[in-house]
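Beneath this line is the structure, given in structure tokens, with notes to follow.
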Amino acid sequence: MSAFLEVEALAKNFGGVQAVKDVSFCVEKGSICSVIGPNGAGKTTVFNMISGLLRPNSGHVRLEGQALTGVPAHRMARMGLGRTFQNLAVFGHASVVDNILIGMHSKLRSGPFSAAIYWGRTRREEVAAREHVEKIIDFLEIQGVRDLPVGTLSYGVQKRVELARALASEPKLLLLDEMVSGMNQEETEDIARFILDIREELGTTVVMVEHDLGIVTDISDKLVVLDFGRKIADGQPHDVISDPTVIAAYMGAEQGAAA
Amino acid sequence: MSDLVENLLSGENTLPQLLLHWAHEQPHALAFREKDLGIWRRITWGTYLENVRYFASGLEELGFRSGDRLAIAGEGIPEWMYADIAAQSLGGTCVGLYPTSPWQELSYILRHSRARVVVCADQEQTDKVLDAMEHDGLPDLDWIVCVDPKGMRHYNHAKIVFFKDVLERGHGADSVRFERNIKALSPDQPAIVVYTSGTTGAPKGALLTHRNLLIASQSVLSAHGYDGRTHETVCYLPLCHVAERSFSTVMHLCCGSVVNFAESVDTVSADLREIAPTIFLGVPRIWEKLQQTILIKLRESYAINQWIVDRTIAYAMRNARKEIVPGERPGAIDRAALWLLRKVVFRNLRRFAGLHRCRACFCGAAAVSPEVLLFFRAMGLPIFQLYGMTETAAVAIQQIPGKESFGGVGVPIPSMQVKLGPDGELMMRGPSIFAGYLDAPEATENAFADGWLTSGDIASVDDGEYRIVDRKKDLIVTSGGKNIAPSELEHALKESPYVREAIVLGDGRNFVSALLQIDHDVVAKWAQEQQLSFTTFRSLTALPEVLKLIDGAVNEANARFARVAQVRKFVLLEKELDHDDGELTATMKVRRKAIAEKYAAQIAEIYGERA
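As they're listed, the protein sequences go chains A and B. When we follow my numbering, the leftmost residue of the first sequence carries the number 13, and every step to the right adds one. When we follow my numbering, the leftmost residue of the second sequence carries the number 291, and every step to the right adds one.
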């Protein structure tokens, strides 16, 4: 049986720098997989290659056997892929509802002319879309802010809105890039609970890049560890974090940072 | 109809019996509104009864029997009501748990009440119960009934069942037997157990009978002329507290009216605007916050507008005060001006709060600064103070039109006898006094003196209207022998928008001092305007400018008191008081003892001692 997401021998150079070298891993359907590693290990680069923002120099990414490499980023939502970004990427002046509605764009089929007339299918579709948005609002518990402009909300809530928007396209695969960095303990726990709920209620496969080892080991089924662009370990969380190479990579990095 | 009211005033009824009454009388009338996916969903009295019946039968199948206890953890939702009344209809009692309690507190109450079934609104509450079971065992608990299955579908704990499945089990149930069970209930059997918040020691479970609840609630309704046509409320406070239980569950059943459930704790102000209830109960914190919101929003306007607003509010408050200070009355022109202001100007503020349809607003559950209530009276929103305890099934003494003097709590409800003990302690006797603490005969005995319930509050009475001075145990006697009621001072300090919490100290000391907690949002906004840099709450409290700001607020409050009662020194708390840290109760009341221990070093510093 082939895996849900296959990443095979990915490599990426930026000028003379080899950011990612020969990274391969696969993710089972319905699982939560985390890509971890010290700063500059190439985690986000791998992510950007999976989601089509960067073209790999070599290697392949396949989702349910279909090649993702070479598919332009704007087609990704239709392929069943949703993502959030390390730095907030929300529409600050638009309301929470509008932000989430935008996430549903790839699911709507009516064109500008039928939308202008707003009758029949278009109307039904818009109503259904609004209802779908409410389900997501309910799911992520952001009822209190639904009509507020996103820019006025706290960082943690904005992140949640970004997650809501990613969910709006009903992705099969959700990519979360450093969801909890900059969040306090409570916000982090909330996000961890939401990620588990997303997997359970929606059946979505989740791949996340994360710095916070706590949340990663608590909720992941699988870890992939990168260091200097190479995969140094993968497997079950408790096996991986007790792996001496991983400890060395992390400790080395931390000592380096402390110095 | 009036027969029913009279029956209710004497307490000759039970809550499930009232549900039967209304469901048969008006099965298609609206009973609840609940917001679902952003749209208010309607639930009729017929459906209310149906769900209660199904759930009761389902509970019976799970082995729940007369005399057993069912606990509920969660925010207010229709299922809360179904489970509550269903347990009562089987002759059981219902114990409410604070949704915000950490698992240790929840565990104590589940264990102490020996609950057989606990209904959990969501995963968060279920996880707490599971934690409690893991650590403390909870041998009496047979079932955990979960309402919202989100996130729990893979839980395969043997004791977990889902609410909807319990309802389904009850579908084939025999309605004749269900109604016979209800008819057999006595008004004098316990309907609910309400655990006191425990400002001192462990919480105690007060047993309240149907009679207790009905008399206390109907007395408030009758005093203000509420019935099914005029009563509509928003349920937003925790239902496990006796006040919200009385105002939502019991009054709803007395009137056959409508309860609207707030969508979530964060949406209450939007929900209020959408529903515009006709009766509204706020705890002091809610009123303080609302006043602050209004005043701060007004601050954002131009200087000239602000000046006009300040003058107008001051004028309105001055004259509103005259309306309720005995022996005073505003002059004819002032009365006309006030009428016009309320009609034309302040109407928008009432609309903004969603309270423009309120026939009466109430404030209870804790002591409040009369100035806060005066602010709303000036706006044309009279707030009636209620005094009561868990042990009196909520309201024992209430302000009513004509008996609403400034700073008072009004007159006893008709069936309540009230007297003042030799030291001025308020004592009460009557049919709405509770039936004792659950499994604590000694505590029950201590609560009474010669058959009178002792309140622990020092009160005074003037022309039949009562006034609460302070908690007996909180009274301060300085080393100079001066008696001081700290709450008065604390209220004066908290009138400043910058001060969120004040704890006045000085018992046995040579002067009065205070621990103050700044209001983070307001002070942070102020600091930003002053272009002061800060990062955390703690860094905010350390700014010398903030210290100066608060010093100003303290001086302002001091000006109203005699020299000996003035706050001489104060310390700003470096963190916000929190329920999770044991400094506040679930109802946000200050636990003085815990705070005195925790901040012993700061207190010693105030009084110049070495810690």
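Here a beta-carbon is modelled for each residue, glycine too, at the ideal position from N, C-alpha and C.
query: Keeping to the same chain, check which residues put their C-beta closer than 7 Å to that of residue 790 (chain B); ignore five residues upstream and five downstream.; result: 807, 808, 809
query: For the segment 203-214 of chain A and the segment 240-258 of chain A, state whether three or more C-beta atom pairs, one from each stretch, are separated by less than 8 Å.; result: no
query: Along the segment 319-332 of chain B, where does the CB come closer than 9 Å to a CB of chain A? Name the residues.; result: 325, 326, 327, 328, 329
query: What does the alpha-carbon distance come out to for the pair residue 413 (chain B) and residue 635 (chain B)?; result: 46 Å
query: Quick check: the Cα distance between residue 894 (chain B) and residue 586 (chain B), rounded to an integer number of angstroms?; result: 36 Å
query: Where does residue 102 (chain A) fall in DSSP's three states?; result: coil
query: Pull up the distance between the alpha-carbon of residue 421 (chain B) and that of residue 527 (chain B), whole angstroms please.; result: 25 Å
query: So, under 8 Å CB-CB, residue 607 (chain B) and residue 668 (chain B) are touching, yes? Tell me the CB distance rounded to an integer number of Å.; result: 5 Å
query: Helix, strand or coil: how does DSSP classify residue 269 (chain A) here?; result: Confidence in residue 269 (chain A) is poor, its pLDDT being 43 and thus under 50, which makes the residue's placement unreliable; the coordinate value appears in the next sentence. If DSSP states are grouped into helix, strand and coil, residue 269 (chain A) belongs with the helices.
query: Which residues mark the beginning and the end of the alpha helix (DSSP H) in which residue 840 (chain B) is found?; result: 834-848
query: Comparing the C-beta of residue 557 (chain B) with each C-beta of chain A, is any distance below 7 Å?; result: yes
query: If you measure between the beta carbons of residue 53 (chain A) and residue 238 (chain A), is that distance less than 7 Å?; result: yes
query: Just to confirm, are residue 530 (chain B) and residue 387 (chain B) a CB contact at a threshold of 7 Å?; result: yes
query: Within 7 Å of any Cβ in chain A, is that where the Cβ of residue 767 (chain B) sits?; result: no
query: If you reduce the DSSP assignment to three classes, tell me which class residue 583 (chain B) lands in.; result: helix
query: Considering only residues of the segment 449-528 of chain B, which uninterrupted alpha helix (DSSP H) runs meet the minimum length of 4 residues and lie entirely inside it, listed in chain order?; result: 453-459, 465-473, 500-513
query: With 7 Å as the limit, tell me which residues of the segment 546-571 of chain B have their beta carbon closer than that to any beta carbon of chain A; keep them in chain order.; result: 553, 554, 556, 557
query: Out of B:355, B:715, B:303, state which residue places its alpha-carbon closest to the alpha-carbon of residue 507 (chain B).; result: B:303
query: Excluding the 5 residues preceding and the 5 following residue 896 (chain B) in the sequence, name in chain order all residues of the same chain whose CB lies nearer than 7 Å to its CB.; result: 803, 859, 861
query: Across the segment 338-349 of chain B and the segment 459-473 of chain B, are there enough close Cβ pairs to call them in contact, namely three or more that are closer than 8 Å?; result: yes
query: When the distance is taken between beta carbons, is residue 298 (chain B) closer than 7 Å to residue 504 (chain B)?; result: yes
query: In whole angstroms, give me the CA-to-CA distance for residue 379 (chain B) and residue 296 (chain B).; result: 22 Å
query: Quick one: what's got a C-beta closer than 7 Å to residue 270 (chain A)'s C-beta in the same chain, skipping five residues either side?; result: Note on residue 270 (chain A): pLDDT 40, under 50, position unreliable in the model; the coordinate value appears next. Same-chain partners within the cutoff: there are none.
query: Can you list the residues of chain B that residue 156 (chain A) reaches, using a CB-CB cut of under 7 Å?; result: 554, 556, 557
query: Restricting to Cα atoms, I'd like to know which of B:367, B:610, B:396, B:336 is closest to residue 236 (chain B).; result: No answer is possible for residue 236 (chain B): the residues shown for chain B start at 291 and end at 901.
query: Beta-carbon of residue 209 (chain A) versus every beta-carbon of chain B: anything under 7 Å?; result: yes
query: Which word fits residue 373 (chain B), buried or exposed, when buried means at least 16 other C-beta atoms lie within 10 angstroms of its C-beta?; result: buried
query: Does the beta carbon of residue 901 (chain B) sit closer than 7 Å to a beta carbon anywhere in chain A?; result: Note on residue 901 (chain B): pLDDT 42, under 50, position unreliable in the model; the coordinate value appears next. For residue 901 (chain B), the answer is no, since every Cβ of chain A falls outside 7 Å of its Cβ.
query: Which same chain residues, not among the five before or five after residue 485 (chain B), have their C-beta less than 6 Å away from its C-beta?; result: 399, 493, 495
query: Using three-state DSSP, classify residue 689 (chain B) as helix, strand or coil.; result: coil
query: Looking at chain A, is there any beta carbon in it that lies within less than 7 Å of the beta carbon of residue 714 (chain B)?; result: no
query: What residues from chain A crowd round residue 443 (chain B), counting only those whose CB sits closer than 8 Å?; result: 212, 213
query: At which residues does the beta strand (DSSP E) containing residue 303 (chain B) begin and terminate?; result: Per DSSP, residue 303 (chain B) belongs to no beta strand (DSSP E) and is neither H nor E.
query: Taking C-beta pairs closer than 7 Å, name the residues in chain B that residue 146 (chain A) reaches, listed in chain order.; result: 327, 328
query: By a C-beta neighbour count over all protein chains shown, 10 Å radius and 16 as the cutoff for buried, is residue 890 (chain B) buried or exposed?; result: exposed
query: Express the C-alpha separation of residue 315 (chain B) and residue 377 (chain B) in angstroms, rounding to a whole number.; result: 23 Å
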